[in-house]
Every structure is written in C-alpha cells, then in structure tokens.
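What follows is a short report on a single structure.
Numbering (the working numbering), first residue to last: 7 to 515.
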C-alpha cells in the first residue's frame, strides 16, 4: 500500500472483495449485449473487452433511452411557481407537485442534455475523476458509478444533478460540449434542478454534493455572488443533516467518511469563494471542532469495502502538522488557516489583533514547511493544498501591510513592515516559480484542467505583484509574465482566470 505522503493516487477498484452489488455493473456492457455474449460485468472493464482491448461501455442504455422530442432547451422555459405547483415544459398549466415524477423528469432532462452534446457518461466520469476529484474528493467514485448505472432502472433526481454538475465543470473549450455550451445551457439547467429539488425534496447528502459542484462552477466561471449564495445553501443543508457533527454512520464507515468529506468540501469552497468575491461577511461555515476527523487516505476510502474502518490512523484537526496526511486533508488544513486570516479584524489600536496576526503567521509558516516537504513535485499538478497555503500567505501579509499604511504611527514594532514585504514578495515569487516550471512542460503532459485553488492563487499572486509595484515604486517589479501564461492556459476552463487577466496591466494581452 502506498504511503499517504504521496500526491493523489489513481485507485483501481478491486473486484475480489465486497458484495457483488458493489463490485459489478448492474447490466451487461454494450459490446457483449450486441454480440449476445455472456458478460461478467467486471469494473471498470469486463474480461471480454479487456482481452480484446475494446472499449467497455455500461452506460449505453442510459444514453440511448431518450424521450421523443425532448431537448434540454425546453427546460429553460420552465420555472418554479407558487401554490405547490411547477411549470413543466410542454404543459400549458402548472401541475401540482404531487403529480410530477421528479426523478424520471430530472433523469430524462439530464440524459437529453448529455446526448445533445455527444458527451458520453463514461467520459464525464473519467474527466471528473482525473481533474476534479483529485482536489475535491467529496464523492465516493464507486458508489456514484453504481448510482449512475442504476438511473435507467431506478431514476434518482439528485444523482442526475451530480452527473450534470460533473459535466458542467469538465466542459472542454474546443468541443461540442464546450465552455460556452456549459454557460449557455448546462448551467441554467443545473441551477434550475438544484432549485427545484430544494423546493420539492429538502436536504440530502446527494443534493449537497450537487450544490457543491454547482458552487465550484460558479466560482470558476466568475459568478462569485451566485457561488456565495449556493455555498450558503449547501452550508444550511449541511447543518440540517448534521454533517458538522462528526458521528459514525451505523451502516457504513465509508458513508461516514463521505459525509465528513462533503462538509469539509463545503468548508473549503466557502473560504475560497469568500476570497474571490472579496466578501467581509461572517463565514457561513464554522470551523470544525479540533477533534473533527480529517479525510483518510484516498486509496483506503475508494478501495476498502469492508463494513469496519481500515486500520490506518485517521488524523483530526488537532493532529500536528508534521504528521503526513492525505492530499485532501492538507487542503482542508490550509483552508482553515485561510479562514482564520479572513476573520482577522480590521486593525485598530489593539495589540491583541497584531498578536493574532503574528500567531497566524507562525502557524502558517510551520504548516507550509511540512506541506512543502510532503509535496516536493507539487508544481506538476499545481497542488491545491500548496496553492491554498500560498494564497493564505498572500492575504495575510497584504492585510498586515495595508493595516500599517492606515495607522500612523504604526503600532507594529519596527522591522515588521520590511519582514511582511519580504514575505509577500517571496510568496509571489514562489507562485511565479511554480508557474515557470508548469509552463515549461509539454502540453500533452499538463493537466487539462488546473485545480480551481491553483487558478485563484495564481490570479491573486499576479494582482499582488501589481499592488507591490504600485506600493513600492523604488523596488524592482516582479515579472508577472509566467503568471499570465498560466492564467491564459487555465482560462480555457475557468473563466475566472480570464477575469484576473483583464485586471492586469494591458488587460492580460
């Protein structure tokens, strides 16, 4: 078993343990079905397809069973109405909520949307696993695959919303299911379903997962105010579901871990959205208690199928920073420090505020020391944990320097200003060096979709470099071209990167 000190591991699901329902597809693959051959339904590929090196597709039924004449464009004219009724496409008068099969309605609309764009379900799942799950590990891949396989037999609206959310945040910039397509049709559809399901169903873990994916898209597409509202809704659902209380599920430790990860994912995205939207309001998600468990190593969560938890030690927020932890756990730790920085009061003549800044700075430096030791080649994947930590350093020292300029004479001891300038400059240069290494890679070796925290960190570092140039005119300016190149690369997926570029001198040109 690999050590938890490594970067994210692509886990191969074992088919030798667990129940049959957990380790096999519910239907034969398309090739075996067409050839009328017996299919062993193994995951991720049946033995026959593996032997012939053929594509093994278990989702063909889901993609082909579309209602006649149905298109996702019809949905855009549908809006929730009052008095317990819902407007449904093709129906002249709003129907009573009770008369609508919302599960089949949602599944048919989502499958129509994917079919219209030629977006295979398996491709969506693979893209999500490769580019999003590595930094937002909140959905158990084996369980979501099983639920999606079952949609054609057992429609489930929340699962359909999760699938649509995965499609939304992995849309390619140069294909039929492009970023423009996501903005024009998929996003309104996802926002609509999220709204309707709140109205008709109420909170559930799956709905919170779908809302979290929606918030990721809204943040990455520059809709920070919408993301702030969505993440707030997810937080409220989390409190109603008691996700903030770390209690075991009597049926499965894996479900307990998933509940925990969803809450921590909401916590992380709420801090990132706070930063992007430049919001001064109180956080909607409180910091978890010190004994709240951090995510276990990814390979154990994905591959371990027994009813009892595995033996590896599971850290909590009180675990020292020098103890190696999983990639996602490090992101959550960094997000907690970012939240502490965001909560620092606007400084007045109050020594305790400045002591708090110093303590937070010391905590951050201690954390970053061990994080960088654990992730020596993080630049290859633009590590989300490192990005959030460097973003936190940028925000902390910018806040300290801004407070100094607003207070004359400064209540800080002499030399603190120079130390903060050096720290801020060093952090910008760390981000810049990371971008230089990433930009030098062949395009085929680069991640197609950078982690959203990395895009935010690079954008904020570029802004900070410009701020330093204007604030310290006597100092040599930092070359931001490598930062701009990385932003240009990531703008193919994250519109927010383009927003950062337009804020730079010359509009990013």
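From the three backbone atoms N, C-alpha and C, an ideal C-beta is built for every residue, glycine too.
Find the nearest neighbour of residue 362 within the set 284, 373, 343, 377, judged by alpha-carbon distance. 343
When you compare each of 296, 244, 459 to residue 395 by their alpha carbons, which one comes out closest? 459
Could you name the residues of the same chain whose beta carbon sits closer than 7 Å to that of residue 3, not counting the 5 residues immediately before and after it, in chain order? No answer is possible for residue 3: it lies beyond the span of the chain, which begins at 7 and ends at 515.
Taking the alpha-carbon positions, what's the residue 402 to residue 364 distance? 10 Å
For the alpha helix (DSSP H) that residue 259 lies in, which residues bound it at each end? 259-283
What three-state label does DSSP hand residue 153 in the structure shown? helix
Work out the CA separation of residue 397 and residue 118 for me, nearest whole Å. 40 Å
For residue 51, the nearest candidate out of 464, 60, 250 (CA to CA): The shortest C-alpha separation from residue 51 is found at 60.
Assigned exposure category for residue 294 - 16 Cβ within 10 Å defines buried: buried
Residue 319 classed as buried or exposed, judged by whether at least 16 other C-beta atoms fall within 10 angstroms: exposed
Taking residue 218 and residue 302 to be in contact with their CB atoms under 8 Å, please state how far apart those CB atoms are, rounded to whole angstroms. No, residue 218 and residue 302 are not in contact; Cβ-Cβ is about 19 Å, not under 8 Å.
On the DSSP bridge list, what partners appear for residue 299? 322
So what does DSSP say about residue 48, is it helix, strand or coil? strand
Rounded Cβ spacing between residue 475 and residue 509 (contact assumed at less than 8 Å): At roughly 14 Å, the Cβ-Cβ gap does not stay under 8 Å, so residue 475 and residue 509 are not in contact.
Does DSSP classify residue 64 as helix, strand or coil? coil
Sequence-distant residues of its chain with Cβ nearer than 6 Å to residue 429 (five each side left out): 403
For residue 455, which three-state DSSP category applies? Three-state DSSP puts residue 455 in coil, outside helix and strand.
Does at least one heavy atom of the ligand PLP sit under 8 Å from the Cβ of residue 279? No copy of the ligand PLP occurs in the structure displayed, which carries no ligand at all.
To the nearest angstrom, report how far apart residue 424 and residue 432 are at their CA atoms. 12 Å
Secondary structure of residue 28, DSSP reduced to three states: Residue confidence is low: residue 28 scores 44 on pLDDT, short of 50, so the model does not pin down where it sits. Its coordinate-derived value is still stated next. It is helical.
Euclidean distance between Cα positions of residue 326 and residue 447: Those two C-alpha atoms are separated by around 35 Å.
Could you spell out where the alpha helix (DSSP H) holding residue 216 opens and where it closes? Here the alpha helix (DSSP H) through residue 216 covers 211-226.
Is residue 211 buried or exposed, if buried means 16 or more other CB atoms sit within 10 Å of its CB? buried
Sequence-distant residues of the same chain with beta carbon closer than 7 Å to residue 372, five excluded per side: 327
Return the residue from the list 440, 213, 44, 482 that minimises the CA-CA distance to residue 383. 440
Three-state secondary structure (DSSP) of residue 117: helix
Give every residue of the same chain whose Cβ lies closer than 7 Å to the Cβ of residue 329, excluding the five residues on either side of it in the sequence, and list them in chain order. 321
According to DSSP, simplified to helix, strand and coil, what is residue 492? Three-state DSSP puts residue 492 in a helix.
Using the rule of at least 16 other Cβ atoms within 10 Å of the residue's Cβ for burial, across every protein chain shown, is residue 146 buried or exposed? buried
Cut-off 6 Å between Cβ atoms - residues of its own chain near residue 264, not counting five sequence neighbours on either side: 146
Between the alpha carbons of residue 28 and residue 152, how many angstroms are there, rounded? Unreliable placement is indicated for residue 28, whose pLDDT of 44 sits below 50; the coordinate value is still reported in the next sentence. Straight-line spacing of the CA atoms in residue 28 and residue 152 works out to 7 Å.
Residue 157 burial status per 10 Å Cβ neighbour count (16 or more: buried): Answer is buried; the Cβ neighbour count reaches 16.
CA-CA distance, residue 524 and residue 506? Missing from the structure shown is residue 524; the chain here goes from 7 to 515 and no further.
Is residue 42 helix, strand or coil by DSSP? coil
Determine the extent of the alpha helix (DSSP H) in which residue 130 is found, giving its start and end residues. Residues 127-137.
Cβ pair residue 37, residue 62 closer than 9 Å: yes
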